[in-house]
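Data first, discussion second: the structure below is written as structure tokens.
Number of protein chains: 2
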Amino acid sequence: MRKTFLFVTMMASGAASAFEALPMVPPIPADNPMSAAKIELGKQLYFDPRLSIDGTVSCNSCHNVMATGTDSRPTSVGIDGQRGGRNAPTVWNSAFLSAQFWDGRAATLEDQAKGPPLNPIEMGMPSEKAVVDRLTAIPGYKDQFNNIFGEVSYDAMAKAIAAYERTLITPNSTFDLYIKGNKAAMNDNAVAGMKLFEEIGCSGCHSGVNFSGPELPIGQGFYQMFPSNESKYTAKYDLKADKGRYEATKDESDMHMWRVPTLRNVALTAPYFHNGSVNTLPEAVRVMGKTQLDRTLNDKQVEKIVAFLESLTGEFPVQTMPRLPDTSTTSLVGAVK
Amino acid sequence: MRKTFLFVTMMASGAASAFEALPMVPPIPADNPMSAAKIELGKQLYFDPRLSIDGTVSCNSCHNVMATGTDSRPTSVGIDGQRGGRNAPTVWNSAFLSAQFWDGRAATLEDQAKGPPLNPIEMGMPSEKAVVDRLTAIPGYKDQFNNIFGEVSYDAMAKAIAAYERTLITPNSTFDLYIKGNKAAMNDNAVAGMKLFEEIGCSGCHSGVNFSGPELPIGQGFYQMFPSNESKYTAKYDLKADKGRYEATKDESDMHMWRVPTLRNVALTAPYFHNGSVNTLPEAVRVMGKTQLDRTLNDKQVEKIVAFLESLTGEFPVQTMPRLPDTSTTSLVGAVK
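Protein sequence lines, in the order shown, are assigned to chains A and B.
All residue numbers for the first sequence refer to the working numbering, where the first residue is 2 and numbers rise by one.
All residue numbers for the second sequence refer to the working numbering, where the first residue is 2 and numbers rise by one.
As structure tokens, then:
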């Protein structure tokens, strides 16, 4: 009796609070309004490997919008074959996150976009000025920047990229259709998984339109400790080698704290966790059950939750390829060895 | 008098022989007819970094169709930051070449496409079987291959990629418009450059629809020795370290022989030559004048020829981005370190 009562109560409140369909428009900062020209420029920059010192790495190299918005790798590869330390989060629906990077160290998509070009193991540009000089040397960029922003600047570059990223939204998952009233959209296993997801407490953190926590002001991240409970998985997947948000803040209270990641399209973004150490979604669900909720999920439970998570795969909008503006008669990366 | 006479004669014959507009349809092999489904599959494969062992390198990494069809680098970068030995030729209009690679070692685009996935410094897959196994593990690929080819195979992969590449054609350069009768399309400098290009003998090799030599049966390459004449440039740009076609055939008569490259869009494909050693088009023209024609071109001549070469930049067709088929709940490159 008690179990049934609790179940009904949670589902009733859950439908109203924890579960929401994905909006088509994300938060837009007042100082970076959207425009077609800005989005188009941002798309070109996003796909342009000339943002890296040797012309080999673009934003899209690690956050592949033709695929899952990630690179499907444990951790990414930057210039000169260098490996990064953390798994590339998906760019899809990142506009709905209130803080960026695994440790939330960037408040906005604009701030995030300024990181990789100057990161020596990612794109390796020596300075903001070097990036601006290169963009200015490409007539097609110079003209677009001048028309849209009145100048070529590192800030403007980040604004254009962020504007493009705010268009990367995947609506109409079977979950979204279900939530909007089409109860036939999700199969029985997925519906059972959704109920279980709420019942055992996954939705305590993975709530909101992006399943990444409650709606918070941009810049205010929603963090949780991972792993919360000790288990065999800590050693097996080396979950504590990286100190998480502590690395950014050096505040002891941030030790092993991580921004709660989105679960939208999570079935497509393997491998999982900040270090990409878990290669399959069923295992990731098992690990989360144990480390966060101290539950040992059985195979049937895992199967249901995975079916629910698969229902969060949305529709990826058709896009045209950008054309990257050229530098006639010379190469900007041709002299880079 | 003699000079004028010769000039007129050459221009008259040149208009009929050396210079031709780019057709919209390239040669299509009988055993690989085009279809919309095959082209779409080929586009997905072309952009898919999972054709490389660690998921970091796609065909597009070095032959960027959003840009010039090259990577704008002296030589390309493959997996683990490894550098190749030769400059990446543009994929645009490669369907009009009668042999592929700088040394012509592949007869067709199909043969060419089979090279990079297995090259240990490019995409690094251990075997054809490993590629086929990976493609078969991606349901969206398996279904498309079965529908189009009746099987997943390495040959079928190459056919699909080649079919896509045969759509990568850039018509309507100002040169093409001029040749088709719009005499205002090219500016005076470009027209003067075109005349000079023929007068001094550049068009002796750079003829035909693709400026890569006479029309030959597919598989029969058109080769020239480079450098033909000794000059200061041999050492300055290290032009003889690579033995060219000899490396492929071990035939002494192929020593320093190279397939004559296309000049279409050449203004966009810096840096130049098989080793990418020359970063600007004016310098490349100077080098060619000396090494191939034993002429020291003056600045005015170089300027005119460059203006002509700029008139060979065509229109790049708008394309939709492919969507790469996914592997739900797991990553095929997630376990690759």
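Don't be surprised by glycine CBs; every beta carbon is placed ideally from N, CA and C.
None of these values were measured; they are calculated from a predicted model.
What is the DSSP secondary structure of Q225/A, reduced to helix, strand or coil? Here residue 225/A refers to the residue found at position 224 of the first sequence. Strand at Q225/A.
Exercise for the section: Please name the residues in the region 51-75 of chain B whose beta-carbon is closer than 8 Å to at least one beta-carbon of chain A, in chain order. Expected result: Answer in chain order: R51, D55, G56, T57, S62, N65, V66, M67, A68, T69, D72, S73, R74, P75.
Taking the C-alpha atoms as reference points, what is the distance between D112/A and D55/A? Locating residue 112/A in the first sequence gives position 111, where the first residue counts as 1. Locating residue 55/A in the first sequence gives position 54, where the first residue counts as 1. Answer to the nearest angstrom: the Cα atoms are 23 Å apart.
* Pairing CB atoms from the region 282-301 of chain B with CB atoms from the region 97-115 of chain B, are three or more of them under 8 Å? -> No, because fewer than three Cβ pairs between the region 282-301 of chain B and the region 97-115 of chain B fall closer than 8 Å, the two stretches do not touch.
How would you list, in chain order, the residues of chain A whose beta-carbon sits under 7 Å from the beta-carbon of G82/B? What you label residue 82/B is simply residue 81 of the second sequence in a count that begins at 1. Neighbours of G82/B on chain A, chain order: D81, G82.
Neighbouring residues, chain B, relative to G335/A (Cβ below 8 Å): Residue numbering aside, residue 335/A sits at position 334 when the first sequence is read from its first letter. Those are S73, R74, P75, A271, P272, G277, N280, listed as they occur along chain B.
- Query: How is Y247/A classed by DSSP in three states: helix, strand or coil?
  - Reply: Within the first sequence, numbered from 1, the residue matching residue 247/A stands at position 246. Three-state result, Y247/A: helix.
According to DSSP, is L7/A part of a helix, a strand, or is it coil?
Within the first sequence, the letter at position 6 stands for residue 7/A. A caution first: L7/A carries a pLDDT of 37, below 50, which makes its placement in the model too unreliable to give a value.
Problem set entry | Q320/A versus P272/B: straight-line alpha-carbon distance, rounded | Position 319 of the first sequence, counted from the start, is the residue given in the question as residue 320/A. Position 271 of the second sequence, counted from the start, is the residue given in the question as residue 272/B. Each residue's alpha carbon lies about 30 Å from the other.
Test: P323/B CB closer than 8 Å to a CB of chain A: Here residue 323/B refers to the residue found at position 322 of the second sequence. Judged by the 8 Å Cβ criterion, P323/B is in contact with chain A.
Worksheet item: Beta-carbon separation of P326/B and P118/B under 8 Å?
Response: Working through the second sequence from its first residue, we reach residue 326/B at position 325. Working through the second sequence from its first residue, we reach residue 118/B at position 117. Not in contact: P326/B and P118/B (Cβ atoms no closer than 8 Å).
Drop a sphere of 10 angstroms on the beta-carbon of K130/A, count the other beta-carbons inside from all chains shown, and report buried for 16 or more, exposed for fewer. Counting from one through the first sequence, the residue named residue 130/A turns up at place 129. Under this definition K130/A is an exposed residue.
- prompt: Name the DSSP bridge partner or partners of T331/A?
  reply: To locate residue 331/A, count along the first sequence from 1; it is residue 330. DSSP output for T331/A lists T281/B as bridge partner(s).
Within 8 Å, do at least three Cβ pairs link the region 146-166 of chain B to the region 174-187 of chain B? Taking a contact to require three or more Cβ pairs closer than 8 Å, the region 174-187 of chain B and the region 146-166 of chain B do not qualify as touching.
Option nearest L298/B by Cα separation, candidates I201/B, K244/B, P75/B:
Taking the first residue of the second sequence as 1, we reach residue 298/B at position 297. For L298/B, the nearest C-alpha among the options comes from I201/B.
Distance, R167/A Cα to K160/A Cα: Locating residue 160/A in the first sequence gives position 159, counting from the first residue. Locating residue 167/A in the first sequence gives position 166, counting from the first residue. Going from the Cα of K160/A to the Cα of R167/A covers about 11 Å.
DSSP state of Q320/B, grouped into three classes? Counting from one through the second sequence, the residue named residue 320/B turns up at place 319. Coil.
Euclidean distance between Cα positions of A186/B and F146/A:
Position 185 of the second sequence holds residue 186/B. Position 145 of the first sequence holds residue 146/A. Annotation: A186/B to F146/A spans about 29 Å, alpha carbon to alpha carbon.
Quiz item: Any C-beta of chain A sitting closer than 8 Å to the C-beta of Q320/B?
Solution: Position 319 of the second sequence holds residue 320/B. For Q320/B, the answer is yes, since a Cβ of chain A falls inside 8 Å of its Cβ.
Determine whether the Cβ of V78/B lies closer than 8 Å to any Cβ atom of chain A.
-> Within the second sequence, numbered from 1, the residue matching residue 78/B stands at position 77. At least one chain A Cβ lies under 8 Å of V78/B.
What is the DSSP secondary structure of A161/B, counted as helix, strand or coil?
Indexing the second sequence from 1 puts residue 161/B at position 160. Looking at A161/B - three-state DSSP - the assignment turns out to be helix.
Between the region 91-101 of chain A and the region 55-75 of chain B, can you find at least three pairs of beta-carbon atoms closer than 8 Å? The region 55-75 of chain B makes no contact with the region 91-101 of chain A, as fewer than three CB pairs between them are under 8 Å.
- prompt: Under three-state DSSP, which class holds Y273/A?
  reply: Your numbering for residue 273/A matches position 272 in the first sequence. Of the three classes helix, strand and coil, the one that applies to Y273/A here is strand, per DSSP.
Supposed close pair S62/A, S73/B - CB separation, criterion 8 Å: Residue numbering aside, residue 62/A sits at position 61 when the first sequence is read from its first letter. Residue numbering aside, residue 73/B sits at position 72 when the second sequence is read from its first letter. The Cβ separation is near 15 Å, so there is no contact.
Next on the checklist: Among V267/A, V78/A, A285/A, whose alpha-carbon lies nearest the alpha-carbon of T328/B?
Outcome noted: Here residue 328/B refers to the residue found at position 327 of the second sequence. Nearest neighbour of T328/B by Cα position, chosen from V267/A, V78/A, A285/A, turns out to be V267/A.
(Q) Less than 8 Å between C-beta atoms, sequence neighbours within five positions excluded: which residues of the same chain meet that for N173/A? (A) Locating residue 173/A in the first sequence gives position 172, where the first residue counts as 1. The beta carbon of N173/A sits closer than 8 Å to those of G315, E316, all from its chain and outside the five residues before and after it, given in chain order.
Note to self: Under 7 Å: does the beta carbon of N266/B sit that close to some heavy atom of the ligand FAD?
What the structure shows: Absent from the structure shown: the ligand FAD. Ligands present: none.
Entirely enclosed alpha helix (DSSP H) segments - the region 30-69 of chain A, minimum 4 residues: Here the runs fully enclosed are 37-47, 60-63.
Minimum Cβ-Cβ distance from F48/A to chain B less than 8 Å: In the first sequence, residue 48/A corresponds to position 47, counting from 1. Output row for F48/A: interface = yes.
Worksheet entry | Through-space distance from A285/B to N188/B, alpha-carbon basis | Taking the first residue of the second sequence as 1, we reach residue 188/B at position 187. Taking the first residue of the second sequence as 1, we reach residue 285/B at position 284. Per the coordinates, the alpha-carbon of N188/B lies some 22 Å from the alpha-carbon of A285/B.
| In this structure, does DSSP put E21/A in helix, strand or coil? | Counted from its first residue, the first sequence places residue 21/A at position 20. In the structure shown, E21/A sits in coil (DSSP, three-state: anything other than H, G, I, E or B).
Identify the continuous beta strand (DSSP E) that holds R260/A and give its terminal residues. The residue you call residue 260/A lines up with position 259 of the first sequence. R260/A -> beta strand (DSSP E) spans 258-260.
Residues of its chain near P28/A, where Cβ-Cβ distance is below 8 Å and the 5 sequence neighbours each way are ignored: For the purposes of this step, residue 28/A is taken as the residue at position 27 of the first sequence. Excluding positions up to five away in sequence, the list reads A96, F97, I219.
(request) Let me know the secondary structure DSSP gives A107/B once reduced to three states. (result) The count along the second sequence starts at 1 and reaches residue 107/B at position 106. Three-state result, A107/B: strand.
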